[in-house]
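Okay, so here's the structure we're looking at.
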Amino acid sequence: MQLDKQPVWKTILYPLIAFLLVIGIWWVSVIAYDIPRYVMPSPGDVWAHILDDHVALWIGFRVTFKEFIIGFVLGAFSGFAMAVAMDASKTVRGVLYPILIFSQAVPIIAISAALTIWLGFGLAPKLVIVALVVFFPVVVNVLDGLRSVDADLLRLARSMGGNTWSIFRHVKMPATLTPLFSALKLSATFSVTGAVIAEWSASTSGGIGAYLMQANSRLNTSGTFAAIAYLALLGLVAFVLVIAVEHLLTPWRHKPTVPRWSSRFWRN
Amino acid sequence: MPETPIPKLKLSGVSRSFDENLALAPTDIEISEGEFICVVGPSGCGKSTMFNIIAGVLQPSAGRVALDGRDITGKAGEVGYMLQKDLLLPWRTVLDNICLGAILHGRTTRKQRAEGVALANRYGLGDFINHYPAALSGGMRQRVALMRTLAMHRDVLLLDEPFGALDSMTRMAMQKWLLSVWAAEKRTVVFVTHDIDEAIFLADRVVVMSPRPGRIRDILPVTLPRPRGRDVYTSKEFLHLKDQIMTYIYDDGEATDAA
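So the protein sequences, as listed, match chains A and R.
Using the working numbering, the first residue of the first sequence is number 126, and each one after it goes up by one.
Using the working numbering, the first residue of the second sequence is number 2, and each one after it goes up by one.
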């Protein structure tokens, strides 16, 4: 439960060292092998490009972030609802599970092209793609969580007078939080990829994905790398956001006592 | 028996079969108010089946269960029960877990919370009401589980090997603690165990059960004076009872595969 009990400076320092190491090796290789800038720009070139075009990059970042966050929340909630429905009814489960698995066999890129035809070039197709990326892992994990609740516990709750709703609210739903968040952590970075793919099929939104595609088609390698850097940052932000929300919603996993802000009770 | 008072809990002709197998042969027992009954027997003697039928979570094939003369056959929620697994909600505090019954009914009132706090204070959990179960030891978790059962205000408590997963020292402390709770709360207790010492130490009467088919072999009254202390274990009556129960369980030649 408490794996990361190392001091804070270590948890920050180690990734920082790794990051600087990668940048360093990249920079040295570019100089040492005399690689032309249009093939592989140095970190300095990329940085210069970012400083030069930071307004457009920042706008792109915000656009893609918006696609990610709305689609992500949408996918998480609909996946959760789907899992609850599948847990409640055997028929629903039997009918939907094959469809669900089949839908996963279709490559996202293929769906993305079709979605552009159906939903146009706006925000909608991006949201659907991102939501689809999150949807499947959430359904599978939440369904798993719902079905692994101890049958004795459910029997006890029923004998204590719980009805279907109160048992769901107090016993089953909280049990899904841990598997739900492992699904969300997995799909956080993937759904950024989803947003980029969606932007490639219909690139009028001005997101980072579209920026990357434009820079690439002009052989603007520095621009491409700048976009990649922003996308990496976006993935990181997505991941950290999920972890932060998880930390907030599952205090019992890392604290011995209830946090003060959620305590509706008193001490003696 | 028209002149005797209505028993607190009464099983008449209760039996249960699973497919072709008779798990519990027709069983009759009367338990009076405030009595502490222990049920011992090897695996497969039908004690869990009987437990589940009384708890109302399992329908008997025949017979009826009555509480204060009222038919409660197959009705869950009429008696409080507790298992070897503490079944505490990890995301709820100790106090919340104690008040779980009220929480499941909707909102808990201030009075119900105060009562939960009072229970926790009275039985040694006062400093832990805001803790999550993960921060507690096994013995403490079982105490919380019993508090949760007590807070349900049921006259009859069914306990199915509640201390079975604890180490033997903790278990002895918990037995003494349980007796003090029972003396203070004046509830009727049916305690299922496979530990003969535990059964004699706790009970007013020990119900010995045998397998194939599961049935009551004998019911032995325990007249050891209360409150009971450690010295009970070495008393003559204790050893005599233990010998008798062991004879039932081991010498009937039916427990060879019980382990």
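Quick reminder that beta carbons are idealized off the backbone N, C-alpha and C, glycines included.
Which two residues bound the contiguous beta strand (DSSP E) that contains residue i?
| i | result |
| --- | --- |
| residue 210 (chain R) | 206-211 |
| residue 78 (chain R) | That residue, residue 78 (chain R), is in no beta strand (DSSP E); it is neither H nor E in DSSP. |
| residue 17 (chain R) | 10-19 |
| residue 219 (chain R) | 216-222 |
| residue 192 (chain R) | 189-194 |
| residue 23 (chain R) | 22-32 |
| residue 133 (chain A) | Where residue 133 (chain A) is concerned, there is no enclosing beta strand (DSSP E), although the alpha helix (DSSP H) it sits in stretches over 133-157. |
| residue 56 (chain R) | Taken as a continuous stretch (DSSP letters only), residue 56 (chain R) belongs to no beta strand (DSSP E), being part of the alpha helix (DSSP H) at 48-56. |
| residue 37 (chain R) | 37-41 |
Got a sec: is the Cβ-Cβ distance from residue i to anything in chain A below 8 Å?
| i | result |
| --- | --- |
| residue 2 (chain R) | Only weak support exists for where residue 2 (chain R) lies, its pLDDT of 47 falling under 50; the coordinates are left without a value. |
| residue 153 (chain R) | yes |
| residue 250 (chain R) | no |
| residue 82 (chain R) | yes |
| residue 106 (chain R) | yes |
| residue 190 (chain R) | no |
| residue 74 (chain R) | no |
| residue 131 (chain R) | yes |
| residue 182 (chain R) | no |
| residue 88 (chain R) | yes |
| residue 91 (chain R) | yes |
| residue 258 (chain R) | Model confidence at residue 258 (chain R) stands at a pLDDT of 49, short of 50, so the residue's coordinates are unreliable; what they give is reported in the following sentence. With 8 Å as the cut-off, residue 258 (chain R) does not count as an interface residue toward chain A. |
| residue 263 (chain R) | Missing from the structure shown is residue 263 (chain R); chain R here goes from 2 to 260 and no further. |
| residue 94 (chain R) | yes |
| residue 78 (chain R) | yes |
| residue 24 (chain R) | no |
For residue i, count the other beta carbons within 10 Å of its own beta carbon; 16 or more makes it buried, fewer makes it exposed. Which is it?
| i | result |
| --- | --- |
| residue 128 (chain A) | Here residue 128 (chain A) scores only 47 on pLDDT, less than 50, and its place in the model should not be relied on; the value that follows carries that caveat. Classification for residue 128 (chain A): exposed. |
| residue 150 (chain R) | buried |
| residue 93 (chain R) | buried |
| residue 175 (chain R) | buried |
| residue 150 (chain A) | exposed |
| residue 219 (chain A) | exposed |
| residue 392 (chain A) | Residue placement at residue 392 (chain A) is flagged as unreliable, the pLDDT there being 43, under the threshold of 50; a coordinate-derived value is accordingly withheld. |
| residue 131 (chain A) | exposed |
| residue 246 (chain A) | exposed |
| residue 340 (chain A) | buried |
| residue 365 (chain A) | exposed |
| residue 224 (chain A) | exposed |
| residue 134 (chain A) | exposed |
| residue 256 (chain R) | Because residue 256 (chain R) carries a pLDDT of 47, less than 50, the predicted location of this residue cannot be relied on, and no value is offered for it. |
| residue 228 (chain R) | exposed |
| residue 288 (chain A) | exposed |
| residue 17 (chain R) | buried |
Consider the Cβ of residue i: report whether some Cβ of chain R lies at a distance smaller than 8 Å.
| i | result |
| --- | --- |
| residue 392 (chain A) | With a pLDDT of 43 at residue 392 (chain A), under the threshold of 50, the predicted position of this residue should be treated as unreliable, and no value is reported. |
| residue 342 (chain A) | no |
| residue 381 (chain A) | yes |
| residue 162 (chain A) | no |
| residue 296 (chain A) | yes |
| residue 127 (chain A) | Reliability of the predicted coordinates at residue 127 (chain A) is poor, the pLDDT of 46 falling under 50, and the value obtained from them is presented with this limitation in mind. Judged by the 8 Å Cβ criterion, residue 127 (chain A) is not in contact with chain R. |
| residue 165 (chain A) | no |
| residue 291 (chain A) | yes |
| residue 278 (chain A) | yes |
| residue 307 (chain A) | no |
| residue 284 (chain A) | yes |
| residue 304 (chain A) | no |
| residue 275 (chain A) | yes |
| residue 232 (chain A) | no |
| residue 270 (chain A) | no |
| residue 281 (chain A) | yes |
| residue 287 (chain A) | yes |
Between which two residues does the alpha helix (DSSP H) holding residue i run?
| i | result |
| --- | --- |
| residue 280 (chain A) | 276-284 |
| residue 172 (chain R) | 169-186 |
| residue 171 (chain A) | 168-177 |
Count the CB pairs spanning the region 177-192 of chain R and the region 93-111 of chain R that are closer than 8 Å, and state whether there are at least three. no
Unbroken stretches of the beta strand (DSSP E), 3 residues or longer, contained in the region 82-147 of chain R: none
* Taking the runs of the alpha helix (DSSP H) that are 4 residues or longer, which of them lie wholly in the region 314-364 of chain A? -> 333-342
### Query
Per the contact definition of three or more C-beta pairs closer than 8 Å, is the region 350-358 of chain A in contact with the region 174-186 of chain A?
yes
Is the number of C-beta pairs between the region 118-125 of chain R and the region 256-269 of chain A that are closer than 8 Å three or more?
-> no
### Message
Using a Cβ distance threshold of 8 Å, determine whether the region 368-377 of chain A contacts the region 21-28 of chain R, with at least three qualifying pairs required.
### Response
no
| said: Taking contact to mean 3 or more Cβ pairs, one atom from each stretch, closer than 8 Å, check whether the region 234-254 of chain A and the region 317-325 of chain A are in contact. | reply: yes
Q | Cβ contact check for the region 75-90 of chain R and the region 136-155 of chain R: 3 or more pairs under 8 Å | A | yes
Is it true that the region 312-323 of chain A meets the region 123-139 of chain R, where meeting means three or more beta-carbon pairs spaced less than 8 Å apart?
no
- Which residue spans inside the region 202-258 of chain A form an unbroken alpha helix (DSSP H) run of at least 4? 215-230 and 233-244
> Is the number of C-beta pairs between the region 194-209 of chain R and the region 39-48 of chain R that are closer than 8 Å three or more?
Replying inline: yes
Does the contact criterion of 3 or more C-beta pairs under 8 Å hold for the region 291-310 of chain A versus the region 70-80 of chain R? no
- Message: Check whether the region 282-302 of chain A and the region 154-163 of chain A touch, using three or more Cβ-Cβ pairs below 8 Å as the test.
- Response: no
**OP:** Indicate whether the contact test is met: 3 or more Cβ pairs, each with one atom in the region 59-67 of chain R and one in the region 215-225 of chain R, closer than 8 Å.
**Re:** no
Worksheet item: Below 8 Å, can you find three or more Cβ-Cβ pairs linking the region 158-175 of chain R to the region 138-147 of chain R?
Response: yes
Note to self: Can you confirm whether the region 269-284 of chain A touches the region 340-352 of chain A when touching is taken to mean that 3 or more C-beta pairs between the two stretches lie within less than 8 Å?
What the structure shows: no
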